[in-house]
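Residues in the sequence shown are numbered consecutively from 937, following this note's numbering.
By construction, the Cβ of each residue, glycine as well, lies at the ideal position given by its N, Cα and C atoms.
Have a look at the structure below before the remarks.
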Amino acid sequence: MSNKLVLAFLIFSYTCFPTLQTSHRQLDPKSPRNNNPFDQLEKQGDEPSNDRIARLAAARIAREKAIVQLQNDLPKLIELAQGMQDRMKTLDANASLPADLTRDAEQLEGLARKIHRQIPKL
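Here you go:
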């Protein structure tokens, strides 16, 4: 009985006391932030309004271009996907895939990746 009690106390002390000793320390100290959001707001408030208007206009134009490109790419993506789906219905499961189907799949994948890269620009 006393052996079990001593063993339990030792296990308890080895698990609890080291964590209690290090609990006051900060394990991952944060470095001071270089880009303080309040400093950025002050800088934006200090810069002339014409520069800010020009930046906003350029960002709006870039966003509109990205939307137009997306509107052009989405119908192409849908068309390629529907074409591949129709072709897959007519293929024999035991036959190998035709080369043009593989090419279409690569085009579909490339277009999907292009659209995925454009999404953050919106």
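| Query | Result |
| --- | --- |
| Go to Ile1051, then tell me how far its alpha helix (DSSP H) extends in each direction, as first and last residue. | Ala1035 to Gln1054 |
| What did DSSP end up calling Ala1031 once you bin it into helix, strand or coil? | coil |
| Are the beta-carbon atoms belonging to Leu1016 and Ile1051 less than 8 Å from one another? | no |
| The alpha helix (DSSP H) with Lys1057 in it runs from where to where? | No alpha helix (DSSP H) contains Lys1057, which DSSP labels as neither H nor E. |
| Measure the Cβ-Cβ separation of Leu1047 and Asp1009 and say whether it is below 8 Å. | yes |
| In whole angstroms, what is the alpha-carbon distance linking Asp975 and Arg996? | 24 Å |
| Compute the distance between the beta-carbons of Gln1043 and Gln1005, then report whether it is under 8 Å. | no |
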